[in-house]
Amino acid sequence: MTFQGWFLIIAFIAILLLLCKPMGQWLFVLYEGRRTPLHRVLGPVETGFYRLSGIDPNEEQGWRRYAVHMLIFNATLLLFTYTVLRLQGALPLNPLGFDGVSEHLAFNTAVSFTTNTNWQSYGGESTLSNLSQMLGLTIHNFLSAATGIALAFALFRGFARREVKTIGNFWADMTRVTLYLLLPLCVAIAIFYIANGVPQTLAGSVDVTTLEGVKQTLALGPVASQEAIKMLGTNGGGFFNANSAHPFENPTALTNLVQMLSIFTIGFGLTWTFGKAVGNQRQGWAILAAMVTIFLAGVTITYWQEAAGNPILHDLGAMGGNMEGKEVRFGIAASSLFSVVTTAASCGAVNAMHDSFTALGGMIPLFNMQLGEVVIGGVGAGIYGFLLFAILAIFVAGLMVGRTPEYVGKKIEAREVKLAVLAIAVLPLIILGFTAIASVTEAGLAGPLNKGPHGFSEILYAFTSAVANNGSAFAGLTANTPFYNLMLGVAMWIGRFFIIIPMLAIAGGLAAKKYTPESAGSFPTTGPLWTGLLIGIVLIVGGLTFLPGLALGPIADHLAMIHGQLF
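Those letters in the sequence shown? Residues 440 to 1006, per this note's numbering, in order.
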């Protein structure tokens, strides 16, 4: 580990803390549905959308109606993208003449981008046309991200409102987030990427002559526009197979920093927005403190392990840190930080190959996802996932003080606790269940490149990534098969919507409750004690559930490595 590496990590956190309040304030304006300076330009677009679709943005919805509209919208987008991918060969903007995508791959990809997972069982530059990239995928990058933020707004209203039966309007939330947050920011970020060397063209490729005099064909396309929302919306699906390790997606150390900041900025801001919504800013800071503490612990372990390197190679005389699978333009520190950022959020973009990390270095990205990606988390999904853990934490605290637990003025009763447990239990049941199936079937065992513990980790990582809606991979797994495309597609759908529905039910129930002011017997939910309890609940409930998988995979792989064995 070096001074420069730690300076990068500390500077990264410092910049995010500076951006937290401005982003939170902007999000709060959208949460309340107030006018912004952008309304002068984009207001007519919003009004026109409502008129064309027959939507009244002022019509409030109960949690069931909110959920139904959200599900119908996402199911429609899934079918649309599936159709585009299947008909790709007959559609325009296909300069390289790619055929339509197979049934199982089209299903996997459509589900993946609908659920904000962006898992890719294919190489983008060798599989998808420009039209498929723009119309089939980039549209999801905006709308799946906007869905997550809209759902966070709905849960905030559940905590903030008193004795009402509504939690907002799904269509209004979606439209405002897309028009006044995601779109303008992405235009600015895309221009920055173009200025720093990221391509933005409808050309399919360009022929060049290398310095050695060899002819080479380089894939091109509308990369910058997709790259901007890929990061800001914590989507992660790359235009190229190498993702953000590719120099056309992430050419410099500066673009690398901007990409990492893009992944976390909205998640940081939503903690401030939550505190403002419930009328106590310290509530938001307490949640952010718990998130950042867990995040920094993960970064420390990953950076330490990657900088220490592989003892097997050390014994052979190759000293130094682990540079396998990493880009020299980023190095160990930036690659380690990026890996923890992208898996702490539900982004899944990579600037290094996680499959080449040391055993314990690769364990932290895996563990981040197994916590439910609530450590900052995806846009919207991170904060509402963390609040589910907060409900469990205040329930435990209520047992300690012998009173009905209360959180931000709402009594947390049996219904909320049961729904929170139901939502959180989805991850271990599906991750471990599907991993077990893949580990004992012929089709599943045909996927891993490696044998032994690391091969198991490749399977475990894939289903963890799918259920957690992350999308990154231990790239040694061959996933473009009917078995893995279908199994991972189902896992992604369950991991997204089987958590959202209980969460919305909690929001609806909380909105109907009376406000209960704090008293001398209330458990404080803003200080260090609460932050520590939150961290403990997240690690115990979200972490110990996965000890069987961790013991069989990364930990066993680490023990094999330090004893000089290779798998």
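Using N, Cα and C, we set each Cβ at its ideal position, and we do this for glycine too.
Bridge partners - K654, DSSP secondary structure assignment:
In the sequence shown, residue 654 corresponds to position 215, counting from 1. K654 is bridged to T648.
K849 by DSSP, collapsed to three states: which one?
By one-based count along the sequence shown, residue 849 stands at place 410. If DSSP states are grouped into helix, strand and coil, K849 belongs with the strands.
Measure the CB-CB distance between Y846 and L594 and report whether it falls below 8 Å.
Working through the sequence shown from its first residue, we reach residue 846 at position 407. Working through the sequence shown from its first residue, we reach residue 594 at position 155. Going by C-beta atoms, Y846 is not nearer than 8 Å to L594.
Give me the DSSP bridge partner(s) of P661.
For the purposes of this step, residue 661 is taken as residue 222 along the sequence shown, with counting starting at 1. Paired residue(s): Q639.
Could you tell me whether the region 629-642 touches the region 659-669, where touching means 3 or more Cβ pairs closer than 8 Å?
Yes, the region 629-642 touches the region 659-669.
Using the three-state DSSP reduction, which class does A918 fall into: helix, strand or coil?
Indexing the sequence shown from 1 puts residue 918 at position 479. Note: A918 maps to coil in three-state DSSP.
Could you tell me which uninterrupted alpha helix (DSSP H) segments, each at least 4 residues in length, are contained entirely in the region 485-519, listed from first to last along the chain?
none
Is it buried or exposed, H753, if we count other Cβ atoms within 10 angstroms and call 16 or more buried?
Taking the first residue of the sequence shown as position 1, residue 753 is located at position 314. Exposed: under 16 other Cβ atoms inside 10 Å.
Simplified DSSP assignment, three categories, for A634:
Within the sequence shown, the letter at position 195 stands for residue 634. In the structure shown, A634 adopts helical secondary structure according to DSSP, grouped into three states.
For F446, count neighbouring Cβ atoms within 10 angstroms of its own Cβ and tell me buried if that reaches 16, exposed if not.
Locating residue 446 in the sequence shown gives position 7, counting from the first residue. That one is exposed.
Can you find a heavy atom of the ligand ADP that lies under 7 Å from the Cβ of L576?
Inclusion of the ligand ADP in the displayed structure is not the case, the ligand content being empty and no account of it being possible.
Once the 5 residues before and after F609 are set aside, which same chain residues still bring their CB inside 7 Å of it?
As a working note, residue 609 is residue 170 in the sequence shown. Counting only residues of its own chain and dropping the five nearest sequence neighbours on each side, F609 has a CB closer than 7 Å to the CB of Q500, Y505, H508, M509 and A589.
Quick one: grab the DSSP three-state call for K765.
Position 326 of the sequence shown holds residue 765. Strand, per DSSP.
In its own chain, which residues sit with a C-beta less than 7 Å from the C-beta of A591, not counting the 5 before and 5 after it?
Locating residue 591 in the sequence shown gives position 152, counting from the first residue. Once the five neighbours on either side are set aside, the close Cβ partners of A591 are L709, G819, I822 and Y823.
If you reduce the DSSP assignment to three classes, tell me which class A885 lands in.
Here residue 885 refers to the residue found at position 446 of the sequence shown. In the three-state reduction of the DSSP assignment, A885 falls in the coil class, being assigned neither a helical nor a strand state.
If V814 sits next to M926, beta carbons under 8 Å apart, how far is it from one beta carbon to the other, in whole angstroms?
Residue 814 sits at position 375 when you count from the first residue of the sequence shown. Residue 926 sits at position 487 when you count from the first residue of the sequence shown. Rounded, the Cβ-Cβ distance is 26 Å, inconsistent with contact.
Identify every run of the alpha helix (DSSP H) within the region 565-621, keeping only runs that are complete inside it and at least 4 residues long; order them along the chain.
578-599 and 609-616
Check whether the region 773-786 touches the region 737-744, counting contact only when three or more Cβ pairs, one atom from each stretch, lie closer than 8 Å.
yes
Pairwise C-alpha distance: E766 and N689:
For the purposes of this step, residue 689 is taken as residue 250 along the sequence shown, with counting starting at 1. For the purposes of this step, residue 766 is taken as residue 327 along the sequence shown, with counting starting at 1. Approximately 11 Å, taken between the alpha carbons.
Within 10 angstroms of the Cβ of T917, are there 16 or more other Cβ atoms? Answer buried if so, exposed if not.
Within the sequence shown, residue 917 is the residue found at index 478, counting from 1. The residue in question, T917, is exposed, as its Cβ has fewer than 16 Cβ neighbours within 10 Å.
Let me confirm a value: L641 is counted as buried when at least 16 other C-beta atoms fall within 10 Å, else exposed. Which label applies?
Sequence index remark: in the sequence shown, residue 641 carries index 202 (1-based). Counting Cβ neighbours within 10 Å, L641 comes out exposed, since fewer than 16 surround it.
Quick one: what's got a C-beta closer than 6 Å to G981's C-beta in the same chain, skipping five residues either side?
Locating residue 981 in the sequence shown gives position 542, where the first residue counts as 1. Taken in chain order, the residues that qualify are L810 and G811.
With distances taken from CA atoms, which of S551, F598, P941 and A747 is nearest G677?
The residue you call residue 677 lines up with position 238 of the sequence shown. Considering only alpha carbons, the answer is S551.
Going by C-alpha distance, which of T515, T554, H543 and L477 is nearest I939?
In the sequence shown, residue 939 corresponds to position 500, counting from 1. When only C-alpha atoms are compared, the closest one is T554.
On the three-state DSSP scale, how would you describe A791?
Translated into the one-based positions of the sequence shown, residue 791 becomes position 352. Three-state result, A791: strand.
Limits of the unbroken alpha helix (DSSP H) element including F446
Your numbering for residue 446 matches position 7 in the sequence shown. Run containing F446: F442 to E471, per the alpha helix (DSSP H) assignment.
Does the separation of the CB atoms of Y923 and G975 fall below 8 Å?
As a first step, residue 923 is located in the sequence shown; it is residue number 484 there, counting from the start. As a first step, residue 975 is located in the sequence shown; it is residue number 536 there, counting from the start. For Y923 and G975, no; Cβs fall outside 8 Å.
Is the region 596-615 close to the region 527-534, with three or more CB pairs under 8 Å?
no
Using the beta-carbon count (16 or more within 10 Å), is D794 buried or exposed?
The residue given as residue 794 occupies position 355 in the sequence shown. When all chains shown are included, D794 counts as buried.
Through-space distance from G891 to M802, alpha-carbon basis
Translated into the one-based positions of the sequence shown, residue 802 becomes position 363. Translated into the one-based positions of the sequence shown, residue 891 becomes position 452. Taking C-alpha positions only, M802 is separated from G891 by approximately 16 Å.
With DSSP collapsed to three states, give me the class of K857.
Mapped onto the sequence shown, residue 857 falls at position 418. Helix at K857.
Three or more beta-carbon pairs under 8 Å between the region 476-495 and the region 614-627, yes or no?
yes
Does the distance from the CB of A584 to the CB of T673 come in under 8 Å?
For the purposes of this step, residue 584 is taken as the residue at position 145 of the sequence shown. For the purposes of this step, residue 673 is taken as the residue at position 234 of the sequence shown. Contact flag set, yes.
With H, G and I counted as helix, E and B as strand and the rest as coil, what does DSSP make of P547?
Sequence index remark: in the sequence shown, residue 547 carries index 108 (1-based). Residue 547 is actually Asn in this sequence, not Pro. In this structure, N547 counts as helix in the three-state DSSP scheme.
Whole-angstrom Cβ separation of K715 and G463, contact assumed at under 8 Å?
Counting from 1 along the sequence shown, the entry for residue 715 is found at position 276. Counting from 1 along the sequence shown, the entry for residue 463 is found at position 24. Indeed they touch by this definition, with Cβ atoms about 7 Å apart.
Starting from the Cα of M931, find the closest Cα among T903, Q443 and T577 and give me that residue.
By one-based count along the sequence shown, residue 931 stands at place 492. Nearest C-alpha to M931: T903.
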